[in-house]
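Undergrad:
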Amino acid sequence: MHRRDLFKQGLAAGAGAIATYAMMRPQSAQAQTRSNTVKPGQFWPDGIRMPVSLSLMFETGSQPATGAPTPFGNFTPPPGIYDLPTITWYRYGYTEGVPRILDVLDKYKIKITSHMSGRTVEMYPDRAREIVQRGHEAAAHGWNWDNEFNMTFDEEKAFIKRNVDMIYKVTGQRAVGYNAPGLRGSVNVLNVLNDLGFLYHIDDVSRDEPFIVKLLNGKTIVVVPYAVYMNDIRAYEARFFSSEQYLIELKNSFDRLYEESAYRRRMMAVTMHDRLQRPEHVQTFNEFLEYIIKKPGVTFMKKIDIANFANNDPNTIRENIADVYPNVPNFEKKTT
142 MHRRDLFKQG LAAGAGAIAT YAMMRPQSAQ AQTRSNTVKP GQFWPDGIRM
192 PVSLSLMFET GSQPATGAPT PFGNFTPPPG IYDLPTITWY RYGYTEGVPR
242 ILDVLDKYKI KITSHMSGRT VEMYPDRARE IVQRGHEAAA HGWNWDNEFN
292 MTFDEEKAFI KRNVDMIYKV TGQRAVGYNA PGLRGSVNVL NVLNDLGFLY
342 HIDDVSRDEP FIVKLLNGKT IVVVPYAVYM NDIRAYEARF FSSEQYLIEL
392 KNSFDRLYEE SAYRRRMMAV TMHDRLQRPE HVQTFNEFLE YIIKKPGVTF
442 MKKIDIANFA NNDPNTIREN IADVYPNVPN FEKKTT
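When we follow this note's numbering, the leftmost residue of the sequence shown carries the number 142, and every step to the right adds one.
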């Protein structure tokens, strides 16, 4: 299955050495139920009511030679023939998209997480360095768009390590967060990430707050959840939204989460892709930022900061991997 099939299904993708993180003790089920009388700000540090976490997928040039989604319709060129418009469609992320959105983020003094494909960092090291030099987190996003979900343990580990090593070589930042291409890692991916020293991953859409997954070996990894619909590629390429329609959906999602944040831990995740930072899209996103920055207690947090806080907070929900992925034999403890 190519990544284009993932888009058809409506699920799109896209600091230095890490410290040692202490494992937190499992908590009782009662700890997962929180009182409706808790005051705003108690669920996050420094009086924050609700953080918004922005992701920028930097993946220009990591798409497959054929079959990558474009606005030009389905086209599979004969052998030896190149789809030149598609190449330029993706290259836009490097030439225009990333610089444009970085300028907007600078305007509001917002720092984000950029999930970088290894091949992209290798092709465009200047842009990868710029992202980090402007204060943003570099996280991993696989080497390219190859299908990760059917890799063996060793193949997947090499695929991710190559990505991490390239990011470190170019930016000097060691990625501790991961997003698999199309969100689909293999059943081994959490153990692979654990072996490679990752703190968190985002390939989970089961909650609207960060939580901790306990692996079968007793070790843990933080989930900083992904929001499927708050995603420009999902809006513009999968559902063919206008900019106005997407703005309405962004506001609706924010308003609902912000209301809930008065009595439980909430966060909002929004995903952007480099090639979709077109003038009209960024203008819409700018309007969304203007809307939410006026709300009391709203701040912007990089995913590494959310993960660090969640990892060290005793109130963070903790779940066994078998509960996060029910009915998957690989995650069930063997009984004797």
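Heads up, the beta-carbon is just placed ideally off N, CA and C, and yes, glycines get one too. Quick caveat: nothing in here was measured; it's all calculated off a predicted structure.
1) Pull up the distance between the alpha-carbon of Asn-372 and that of His-414, whole angstroms please.
2) Looking at Glu-428: is its Cβ nearer than 8 Å to the Cβ of Leu-388?
3) Which word fits Gly-323, buried or exposed, when buried means at least 16 other C-beta atoms lie within 10 angstroms of its C-beta?
4) Return the first residue and the last residue of the alpha helix (DSSP H) that His-422 is part of.
5) With a threshold of 8 Å between beta-carbons, can Ile-242 be considered close to chain B, or not?
6) So, helix, strand or coil for Ala-163, using DSSP?
7) Could you give the DSSP three-state label for Glu-460: helix, strand or coil?
8) Among residues of its own chain, excluding the 5 on either side of Leu-391, which ones have a beta-carbon nearer than 6 Å to its beta-carbon?
9) With distances taken between CB atoms, is the gap from Ala-281 to Ile-353 smaller than 8 Å?
10) Using only the alpha-carbon positions, how far apart do Tyr-233 and Thr-201 sit?
11) Enumerate, from N- to C-terminal direction, the unbroken alpha helix (DSSP H) stretches of 4 or more residues contained entirely within the stretch 233-307.
12) Counting along the chain, where does the beta strand (DSSP E) carrying Phe-450 start and finish?
13) Please go through the same chain and pick out, in chain order, the residues whose beta-carbon is closer than 7 Å to the beta-carbon of Thr-207, but skip the five residues on each side of it.
14) Can we say the stretch 291-299 touches the stretch 243-257, given the rule of at least three CB pairs closer than 8 Å?
15) If you follow the alpha helix (DSSP H) that Lys-360 is in, where does it begin and where does it stop?
16) Taking a contact to mean a Cβ-Cβ separation below 8 Å, would you say Glu-350 touches Gly-326 in this structure?
17) Per the DSSP calculation, Pro-192 is bridged to which residue(s)?
18) Using three-state DSSP, classify Tyr-399 as helix, strand or coil.
19) By a C-beta neighbour count over all protein chains shown, 10 Å radius and 16 as the cutoff for buried, is Gly-283 buried or exposed?
20) Report yes if the CB atom of Met-408 is closer than 8 Å to the CB atom of Ser-203, and no otherwise.
21) So what does DSSP say about Tyr-377, is it helix, strand or coil?
22) On the three-state DSSP scale, how would you describe Thr-174?
23) Distance check for Tyr-235 and Gly-276, CA to CA, integer angstroms please.
24) Give me the Cβ distance between Leu-337 and Ile-301, rounded to the nearest whole Å; I'm assuming they're in contact under 8 Å.
25) Could you check where the alpha helix (DSSP H) with Val-330 kicks off and where it finishes?
26) By a C-beta neighbour count over all protein chains shown, 10 Å radius and 16 as the cutoff for buried, is Ser-383 buried or exposed?
27) Have a look at the DSSP bridge pairing and note the partners of Thr-412.
28) Run through the DSSP bridge pairs and tell me what Ile-343 is partnered with.
29) Would you report the Cα separation of Val-317 and Val-346, rounded to the nearest angstrom?
30) Which residue from Val-369, Val-330 and His-342 puts its Cα closest to that of Leu-357?
31) Determine, using beta carbons only, whether Lys-443 and Glu-271 come nearer to each other than 8 Å.
32) Using the DSSP secondary-structure output, state which residues sit across from Tyr-319 in a beta bridge.
33) Got a sec? Which residues, its chain only, sit under 6 Å from Ser-343 by beta carbon, not counting five neighbours each side?
34) Between the alpha carbons of Phe-213 and Ser-258, how many angstroms are there, rounded?
35) If contacts are defined as beta-carbon pairs under 8 Å, then Val-363 and Arg-241 qualify, I think. What distance do you get, rounded to the angstrom?
36) I'd like to confirm the pairing. Which residues does DSSP put opposite Lys-355 in its beta bridges?
TA: By the coordinates alone:
1) 8 Å
2) yes
3) buried
4) 420-433
5) Included in the structure is just one protein chain, with no chain B present.
6) Summary for Ala-163: the model assigns pLDDT 32, below 50, so the residue's position carries little reliability; its value from the coordinates is reported in the next sentence. Coil.
7) strand
8) Cβ within range, chain order: Phe-429.
9) no
10) 8 Å
11) 239-249, 259-264 and 266-274
12) Premise fails: Phe-450 lies in the alpha helix (DSSP H), 444-453, not in any beta strand (DSSP E).
13) Cβ neighbours of Thr-207 beyond the five flanking positions: Thr-217, Pro-218 and Asp-224.
14) no
15) Segment: none, Lys-360 is in no alpha helix (DSSP H) and carries neither H nor E.
16) no
17) Beta-bridge pairing by DSSP links Pro-192 to Thr-440.
18) Helix at Tyr-399.
19) buried
20) no
21) helix
22) Low per-residue confidence applies at Thr-174: pLDDT is 33, beneath 50, and the placement is therefore not dependable, though the value from the model is reported in the following sentence. Three-state result, Thr-174: coil.
23) 18 Å
24) With 8 Å as the limit, Leu-337 and Ile-301 qualify as a contact, their Cβ atoms being about 6 Å apart.
25) Following the DSSP letters along the chain, one finds Val-330 inside the alpha helix (DSSP H) bounded by residues 330-336.
26) exposed
27) Paired residues: Ser-196 and Asn-372.
28) None; Ile-343 has no bridge partner.
29) Roughly 19 Å separates the two Cα atoms.
30) Val-330
31) no
32) Ala-281 and His-342
33) A quick correction: the sequence has Ile, not Ser, at residue 343. Excluding sequence neighbours, Ile-343 sits near Asn-320, Val-365 and Tyr-367.
34) When rounded, the separation of the alpha-carbon atoms in Phe-213 and Ser-258 is 24 Å.
35) With 8 Å as the limit, Val-363 and Arg-241 do not qualify as a contact, their Cβ atoms being about 31 Å apart.
36) Thr-361 and Asn-461
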